[in-house]
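Colleague: Chains as they are written, first to last, in this note's numbering: chain A, 1 to 438; chain B, 1001 to 1169. The beta-carbon is built from N, C-alpha and C at its ideal position, and this holds for glycine as well.
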Amino acid sequence: MTFEPVLLARVGRDRSQDIDTYVADGGYGTLRKVLTGGGTPESVTEEVKKSGLRGRGGAGFPTGVKWGFVPKDTKGKPVYLLCNADESEPGTFKDRLLMEADPHQLLEGQILSAFALRCRTSYIYIRGEFFHGARVLVRAIEEAYREGYLGENILGSGFAHDITVHRGAGAYICGEETGLIESLEGKRGQPRIKPPFPAVFGVFGAPTIVNNVETLCCVTHIMGRGAEWFAKIGRNEKNTGPKLYCLSGAVNRPGVYEAPMGLQMKELLFGPDFGQGMKDGRKVKAVIPGGASAAMLTPEEIEDCPLDFDGLAAKKSMLGSAAIIVMNEDTCIVDAATNLAKFFSHESCGQCTPCREGTPWLYRVLSRIEAGEGRMEDIDLLEKISNQMANGMTICVFADAAIAPVLSSIGKFRDEYRYHVENKRCLVGSRTAAAVIA
Amino acid sequence: MTGRRYGIESAGHAALFPPEARDRIDAILARYPTKQAALLPILWVAQETWGWISREAAEEVARIVEVSPAHVSGVLTFYTMYNLAPVGRHHLQVCTSISCHLAGAGDLVEHCRRRLGIDLGQTTPDGRFTLTEVECIAGCDRAPSMMVNDAYHEPMNAAKLDALLERLP
Chain A
1 MTFEPVLLAR
11 VGRDRSQDID
21 TYVADGGYGT
31 LRKVLTGGGT
41 PESVTEEVKK
51 SGLRGRGGAG
61 FPTGVKWGFV
71 PKDTKGKPVY
81 LLCNADESEP
91 GTFKDRLLME
101 ADPHQLLEGQ
111 ILSAFALRCR
121 TSYIYIRGEF
131 FHGARVLVRA
141 IEEAYREGYL
151 GENILGSGFA
161 HDITVHRGAG
171 AYICGEETGL
181 IESLEGKRGQ
191 PRIKPPFPAV
201 FGVFGAPTIV
211 NNVETLCCVT
221 HIMGRGAEWF
231 AKIGRNEKNT
241 GPKLYCLSGA
251 VNRPGVYEAP
261 MGLQMKELLF
271 GPDFGQGMKD
281 GRKVKAVIPG
291 GASAAMLTPE
301 EIEDCPLDFD
311 GLAAKKSMLG
321 SAAIIVMNED
331 TCIVDAATNL
341 AKFFSHESCG
351 QCTPCREGTP
361 WLYRVLSRIE
371 AGEGRMEDID
381 LLEKISNQMA
391 NGMTICVFAD
401 AAIAPVLSSI
411 GKFRDEYRYH
421 VENKRCLVGS
431 RTAAAVIA
Chain B
1001 MTGRRYGIES
1011 AGHAALFPPE
1021 ARDRIDAILA
1031 RYPTKQAALL
1041 PILWVAQETW
1051 GWISREAAEE
1061 VARIVEVSPA
1071 HVSGVLTFYT
1081 MYNLAPVGRH
1091 HLQVCTSISC
1101 HLAGAGDLVE
1111 HCRRRLGIDL
1121 GQTTPDGRFT
1131 LTEVECIAGC
1141 DRAPSMMVND
1151 AYHEPMNAAK
1161 LDALLERLP
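1) Any beta carbon from chain A within less than 8 Å of Tyr-1082(B)'s own beta carbon?
2) In chain A, which residues lie with their C-beta within 7 Å of the C-beta of Pro-1144(B)?
3) Nearest to Phe-398(A) by alpha carbon, out of Met-265(A), Phe-343(A), Ala-314(A), Asp-280(A)?
4) What does the alpha-carbon distance come out to for the pair Val-428(A) and Leu-269(A)?
5) Please list the partners that Met-1156(B) has in chain A, where partner means a Cβ-to-Cβ separation under 9 Å.
6) Cβ closer than 7 Å: which chain B residues qualify as neighbours of Met-261(A)?
7) With DSSP as the reference, identify every bridge partner of Cys-1095(B), one or two as the case may be.
8) Pull up the distance between the alpha-carbon of Ala-250(A) and that of Pro-260(A), whole angstroms please.
9) Where DSSP assigns a beta bridge to Lys-243(A), which residues make up the other side?
10) Mind listing, in chain order, the continuous alpha helix (DSSP H) runs of no fewer than 4 residues lying wholly within the stretch 374-407 of chain A?
11) Considering only the alpha carbon of each residue, which of Ala-390(A), Lys-384(A), Cys-426(A) lies closest to Ile-369(A)?
12) What three-state label does DSSP hand Gln-105(A) in the structure shown?
13) Can you check whether the C-beta of Val-256(A) is within less than 8 Å of a C-beta belonging to chain B?
14) Taking the straight line between their C-alpha atoms, what separation do you get for Phe-1078(B) and Gly-189(A)?
15) Alpha carbon to alpha carbon, how far is Leu-1116(B) from Leu-1127(B)? Give it in angstroms, no decimals.
16) Just mark Thr-40(A) as buried or exposed, buried being the case when its beta carbon has 16 or more other beta carbons within 10 Å.
17) Of all the CB atoms in chain B, is at least one closer than 8 Å to the CB of Ile-325(A)?
18) Taking 7 Å as the limit between beta carbons, can you name the residues of its chain near Pro-103(A), skipping five residues before and five after?
19) How many Å lie between Ile-181(A) and Glu-329(A) at the Cα?
20) Pairs of beta-carbons, one from the stretch 271-281 of chain A and one from the stretch 343-352 of chain A, closer than 8 Å: are there three or more?
21) When the Cβ atoms of the stretch 85-94 of chain A are set against those of the stretch 279-295 of chain A, are three or more pairs found closer than 8 Å?
22) Is any beta-carbon of chain B found at less than 8 Å from that of Tyr-149(A)?
23) Which residues does DSSP pair with Arg-167(A) in a beta bridge?
24) Taking the Cβ atom as the reference point for each residue, do Pro-1019(B) and Gly-1051(B) lie within a distance shorter than 8 Å?
25) Under 7 Å from any heavy atom of the ligand FAD, does the C-beta of Leu-82(A) make it?
26) For a cutoff of 8 Å on Cβ pairs, would you count Glu-347(A) as touching chain B?
27) In chain A, which residues lie less than 9 Å from Ser-1097(B) when you measure between Cβ atoms?
28) The stretch 185-215 of chain A: which residues have C-beta closer than 9 Å to a C-beta of chain B, in chain order?
29) In the stretch 266-337 of chain A, which residue ranges form an unbroken alpha helix (DSSP H) of at least 4 residues, counting only runs that do not cross its ends?
30) Applying the criterion that 16 or more other CB atoms from any shown protein chain within 10 Å of the CB defines a buried residue, is Ile-193(A) buried or exposed?
31) In whole angstroms, give me the CA-to-CA distance for Asn-1149(B) and Glu-1133(B).
32) According to DSSP, simplified to helix, strand and coil, what is Cys-83(A)?
33) Kindly list the residues whose CB is nearer than 6 Å to the CB of Gly-277(A), restricted to its own chain and excluding five residues on each side of it in sequence; keep chain order.
Written out as structure tokens, the structure reads:
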């Protein structure tokens, strides 16, 4: 049984971004069917709940359930839908492709979702670096207004909706949903204390739903082909639908791949339709399965490793943004952990003391070990700092993300850390500590 | 990063948006229920107008969205993409996050430094190039990835970079 791509079906098609080709391929047919064929907001929400769709941004929360948190009586306040297109998790590049190659697929899903939420105004919060993606979306939105899929009285249904592209300006934390909300309000993107949750008190003090690009694209197809069809794709009823995997690192063919949720890690790395094996025939040393925030896995752990929410939770890691980063035996684990720590130290929003002080501290200690100036007790120190930073000590889960690569790399490659300290250089040898620090 | 991220330089003259930019600002303001929400988009208009955001420009934007200049300053220093000082004609932004790092981004940065004779955060004396290191720009499957102004160049290597630097005016 071969799998036909769903989300990437139109990628590579001539003029895939244009509304005429989208409509020719059946696009906006679902929106027409729902809006003019007797669909109600409740029926759309029910269908999305039945599909088992879980958020594709990182947390994996059931989308329909999230929508259900918007109060029935909003006390006269509007409901906002925000598309999270801030894709900044290191290793992740699927939403960039979805927006650049098939913007109307996203817009249709966003309009359908807005209808379900009785939402008049939505925004696409796109990271500042995606200049091209933003231009593609702005043009697609203009086309959608022109053809009557946006604006007043869409397709004569009485439903009205507006979408605005809102560009970020370089800050990883704006991918966190309340950081995104603060940023959209024209502030520093510092996450909010929850509760209240955005579904009750979000942007501009109104009920707000934040959904990832890929999540909204899935809605287009759930409403088009039905919840049952969607739920049948995937490993089990808790991990449903098609999924995009971002493969990068030491493989022959990195890229964005679509497969049923729960694809085996080994298939993604070595399968002929996917990564096609390790570059230059090298061996796998470690794999990060869900972006920089996910715990590293060893070669033993990637055996029988379904890439879905529960499969990776069982390995004490996470699917996250489905960014699979492959490291071979030439990779110095301490060097990789130092690079990841540098990222988190740079991106901490600075609001909570454990994270603001802890992330640069981790980076300094790791740099010291990497430079061959580490002490044996530094390894324990890294674990101690990590354990004091996270697990509810901070407003958001950024600190939990920051410690995952540190704790998992020490836990699984402690010998390599020890070798670094004892011999003042890398175990892998290709790059001496002195060369790295220079 | 250079220290100037924490202070905004003066352009030495009043920042007045040209008519075309004013029209864009009016259109932006109409898309939000509060003026403050238009802050980031209007700062983008300022940067596109002058290439960077001076103290005077920040104060003008503060007046438009009716917040304090201190608030604008706080926002400007939180985000990395607003230029708080003039940058070169070509802003080289090399990604050094994990996937690019594994693919040799560090060597690429070194190559840029040597070839241009500048350090990270600096601009060549002729005003052609500014060099910065950036965190993951979602080009991981074509690592190492980099941006020059608003365009991606990937995958990058030393030879392709040399050719690119020759080609840019």
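Modeller: Based on what the coordinates show:
1) As a first step, residue 1082(B) is located in the second sequence; it is residue number 82 there, counting from the start. Chain A contact via Cβ: present.
2) Residue mapping note: residue 1144(B) aligns to position 144 of the second sequence, counting from 1. When 7 Å is used as the limit between beta carbons, Pro-1144(B) is near no residue of chain A, the shortest such separation being about 11 Å.
3) Within the first sequence, residue 398(A) is the residue found at index 398, counting from 1. For Phe-398(A), the nearest C-alpha among the options comes from Phe-343(A).
4) Translated into the one-based positions of the first sequence, residue 428(A) becomes position 428. Translated into the one-based positions of the first sequence, residue 269(A) becomes position 269. Rounded to whole angstroms, the separation of the alpha carbons of Leu-269(A) and Val-428(A) is 22 Å.
5) Stepping through the second sequence from its first residue, residue 1156(B) is reached at position 156. Result: empty, since nearest Cβ-Cβ is about 14 Å, beyond 9 Å.
6) To locate residue 261(A), count along the first sequence from 1; it is residue 261. What Met-261(A) touches in chain B: nothing, since even the nearest Cβ is about 20 Å away.
7) Here residue 1095(B) is taken as the residue at index 95 of the second sequence, counted from 1. For Cys-1095(B), which the question treats as bridged, DSSP gives the partners Val-1134(B).
8) As a first step, residue 250(A) must be located in the first sequence, where it is residue number 250. As a first step, residue 260(A) must be located in the first sequence, where it is residue number 260. Taking the straight line joining both Cα atoms gives about 23 Å.
9) Taking the first residue of the first sequence as 1, we reach residue 243(A) at position 243. In the DSSP output, where bridge partners are listed per residue, Lys-243(A) has Ala-259(A).
10) 376-389
11) Residue 369(A) sits at position 369 when you count from the first residue of the first sequence. Out of Ala-390(A), Lys-384(A), Cys-426(A), Cys-426(A) has the C-alpha closest to the C-alpha of Ile-369(A).
12) Within the first sequence, residue 105(A) is the residue found at index 105, counting from 1. Gln-105(A): helix per DSSP, three-state reduction.
13) For the purposes of this step, residue 256(A) is identified with residue 256 of the first sequence, where counting begins at 1. Output row for Val-256(A): interface = yes.
14) Residue 1078(B) sits at position 78 when you count from the first residue of the second sequence. Residue 189(A) sits at position 189 when you count from the first residue of the first sequence. C-alpha separation (whole angstroms): 8 Å.
15) Here residue 1127(B) corresponds to residue number 127 of the second sequence, with the count starting at 1. Here residue 1116(B) corresponds to residue number 116 of the second sequence, with the count starting at 1. First, the residue type needs correcting, since residue 1127(B) is Gly and not Leu in the sequence shown. Between Gly-1127(B) and Leu-1116(B), the C-alpha separation is close to 11 Å.
16) For the purposes of this step, residue 40(A) is taken as residue 40 along the first sequence, with counting starting at 1. It counts as exposed.
17) As a working note, residue 325(A) is residue 325 in the first sequence. Output row for Ile-325(A): interface = yes.
18) Counting from one through the first sequence, the residue named residue 103(A) turns up at place 103. Gln-17, Val-136, Leu-137, Ala-140.
19) One-based indexing of the first sequence puts residue 181(A) at position 181. One-based indexing of the first sequence puts residue 329(A) at position 329. Computed Cα separation, rounded: 41 Å.
20) Per the Cβ contact rule, the stretch 271-281 of chain A is not in contact with the stretch 343-352 of chain A (fewer than 3 Cβ pairs under 8 Å).
21) yes
22) Taking the first residue of the first sequence as 1, we reach residue 149(A) at position 149. Cβ-Cβ to chain B under 8 Å: no for Tyr-149(A).
23) Translated into positions along the first sequence, residue 167(A) becomes position 167. In DSSP, Arg-167(A) forms a bridge with Ile-126(A).
24) To locate residue 1019(B), count along the second sequence from 1; it is residue 19. To locate residue 1051(B), count along the second sequence from 1; it is residue 51. No, the pair does not count as a contact, with Cβ atoms beyond the cut-off.
25) Only the bare structure without any ligand can be found here, which leaves the ligand FAD out of the picture.
26) As a first step, residue 347(A) is located in the first sequence; it is residue number 347 there, counting from the start. So, interface residue.
27) Within the second sequence, numbered from 1, the residue matching residue 1097(B) stands at position 97. Going along chain A in sequence order, the residues near Ser-1097(B) (Cβ under 9 Å) are Pro-90, Gly-91, Ala-292, Asn-339, Leu-340, Lys-342, Phe-343.
28) Glu-185, Gly-186, Lys-187, Arg-188, Gly-189, Gln-190, Val-203, Phe-204, Ala-206
29) 309-313
30) In the first sequence, residue 193(A) corresponds to position 193, counting from 1. Burial call: exposed.
31) Counted from its first residue, the second sequence places residue 1149(B) at position 149. Counted from its first residue, the second sequence places residue 1133(B) at position 133. If you take the alpha carbons of Asn-1149(B) and Glu-1133(B), they lie about 13 Å apart.
32) By 1-based counting over the first sequence, the position of residue 83(A) is 83. Of the three classes helix, strand and coil, the one that applies to Cys-83(A) here is strand, per DSSP.
33) For the purposes of this step, residue 277(A) is taken as the residue at position 277 of the first sequence. Closer than 6 Å at the Cβ level, and outside the excluded window around Gly-277(A), lie Asn-252, Phe-270.
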